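Numbers 0 to 310, taken from numbering that gives the first Met the number 0, label the letters of the sequence shown in order.
Using N, Cα and C, we set each Cβ at its ideal position, and we do this for glycine too.
From a predicted model like this one, the values you see are computed outputs, not experimental measurements.
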Amino acid sequence: MSTNDVVIIGGGPAGLAAALTLGRAHRRVLLLDAGHGRNAPAEAVHNFLTRDGTPPAALRELAREELSAYPSVEIREETVIDVRPGFRVELSGGGTAGARRLLLATGLSDDLPGPPGAEALWGRSAFHCPYCHGWEVTGRPVAVIGASPARVRLALQLSRFADVALCTGREPLDPASRAKLLAHGVTVRDERIARLEATGGQLERIVFEDGPPLPRQAVFVVNVARRHETDLAALLGCATFTDGCVEVNEFGRTSVPGVYAAGDTARRATVPVPLAAVIAAAASGTVAGAAIDQDLLSADFGLPAFAAPKG
Ligand SMILES: Cc1cc2nc3c(=O)[nH]c(=O)nc-3n(C[C@H](O)[C@H](O)[C@H](O)COP(=O)(O)OP(=O)(O)OC[C@H]3O[C@@H](n4cnc5c(N)ncnc54)[C@H](O)[C@@H]3O)c2cc1C
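Below is the structure:
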């Protein structure tokens, strides 16, 4: 028999925010978290109003402290390894837990295709997002790796306030983009990249297979975001996009009744990429939490389903 109103899988900003909303609505919530958020390697969370500069772990700790005021919310350090319709989740520690509704707030993880040395600097001096770390490179020598239109755009964006080099790594760069970059003071290096060299987690230079090294203090690399190994959305049969995100509506509802998703792992069809930001993840968790509460109200009081007004 289900003991919880809701099981939340994932204790990042999305899951924690949903737990707060549901705890305040006197829902019995079990939040299960494997413990490693997407931004864990970073020194600080930026671009979060009132918490700009807070270390990621400290932000989670603050959230857990707040949640401790709501006795119907239980948090456990456990990894969900399987999930069945109904809903029953199986935990890595051997236990199981049941719930009337499920929220997937499992985030995404990042693969870094290169260059060699980027992994060790990820979140410290190898970045991907200009809104998370653009301010931190103000006035400093930085590099953008790649030559696609998105990389050219990022180089131009950063050139407004940093000394930027675009390192194509031999990817073709169209002549119009090259001319535009040069016109805006962006250096272009076309050699194949051998590795990033750093001291104490701090990038010092980019070493090429031929040609002189390029002194840089930060680099913006390409990251490929993907769902975690245990693909809970697939086990549940939720509709997903080719980029790995779970398809949700404006209230975080997935294609499977009773299953909701929030944070980086979820997006609407009208949004081309996940809105990967801590404050956006928290906001979507809040919305999904309220939608789940409304869903349970409809079930318990025989009310019509909560839906967006037409038109
Ligand atoms: C290097 C880096 C730096 C970043 N810096 C910033 C920044 O400065 N500002 C900003 O706004 N955004 C930043 N971001 C983006 C930000 O990290 C994400 O948008 C945010 O963490 C998404 O929150 P979430 O709750 O969806 O997922 P996450 O924070 O990733 O949390 C998901 C949680 O689910 C858990 N989990 C996954 N699978 C399971 C399972 N099977 N069972 C139990 N638990 C599970 C994970 O362990 C994790 O704790 C950064 C991202 C990266 C990669």
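Hey, quick one: how far does the alpha helix (DSSP H) through residue i stretch, first residue to last?
{"i": "F300", "result": "277 to 300"}
{"i": "T20", "result": "12 to 23"}
{"i": "C131", "result": "129 to 132"}
{"i": "R150", "result": "148 to 158"}
{"i": "P174", "result": "174 to 182"}
{"i": "L120", "result": "117 to 120"}
Quick check: does the Cβ of residue i come within less than 7 Å of any heavy atom belonging to ligand 1?
{"i": "R23", "result": "no"}
{"i": "R315", "result": "Not covered by the structure: residue 315. The range shown for the chain is 0 to 310."}
{"i": "V258", "result": "no"}
{"i": "W121", "result": "yes"}
{"i": "D32", "result": "yes"}
{"i": "A149", "result": "no"}
{"i": "L181", "result": "no"}
{"i": "L19", "result": "no"}
Cutting at 6 Å between CB atoms, please list the residues of its own chain near residue i, excluding the five before and the five after it.
{"i": "V136", "result": "A161, A217"}
{"i": "M0", "result": "Confidence at M0 is low in this model, with a pLDDT of 45, below 50, so its placement is unreliable and no value can be given for it."}
{"i": "P214", "result": "R204"}
{"i": "T172", "result": "Checking the displayed sequence, the identity of residue 172 turns out to be Leu instead of Thr. Contacts found: A146."}
{"i": "R123", "result": "G200"}
{"i": "R100", "result": "V5, G257, I291"}
{"i": "R27", "result": "N3, D4, S71"}
{"i": "P115", "result": "R194"}
Grab me the residues of residue i's own chain with a C-beta within less than 7 Å of its C-beta, minus the 5 sequence neighbours each way, in chain order.
{"i": "L120", "result": "L195, A197, G200, L202"}
{"i": "E208", "result": "E190, R191, A193"}
How far does the beta strand (DSSP E) with residue i in it extend, from its first residue to its last?
{"i": "S108", "result": "108 to 110"}
{"i": "R100", "result": "95 to 103"}
{"i": "E196", "result": "192 to 198"}
{"i": "R63", "result": "Taken as a continuous stretch (DSSP letters only), R63 belongs to no beta strand (DSSP E), being part of the alpha helix (DSSP H) at 55 to 66."}
{"i": "P273", "result": "Element bounds for P273: n/a, residue is neither H nor E."}
{"i": "V235", "result": "Per the sequence presented here, residue 235 reads as Leu, with Val not at that position. Looking at the DSSP string, L235 is not in any beta strand (DSSP E); the run it does join, the alpha helix (DSSP H), is 231 to 235."}
{"i": "F207", "result": "201 to 207"}
{"i": "N3", "result": "3 to 8"}
{"i": "R226", "result": "That residue, R226, is in no beta strand (DSSP E); it is neither H nor E in DSSP."}
{"i": "R252", "result": "From DSSP, R252 is part of no beta strand (DSSP E); its letter is neither H nor E."}
Which residues in the same chain as residue i place their Cβ atom closer than 8 Å to its Cβ, once the five residues preceding and following it in sequence are excluded?
{"i": "A260", "result": "L102, L103, A104, A232, C237, V245, V247, G251, T253, A287"}
Contact between the segment 40 to 56 and the segment 89 to 105 (3+ Cβ pairs under 8 Å): no
At least 3 beta-carbon pairs within less than 8 Å: the segment 34 to 42 vs the segment 104 to 117: yes
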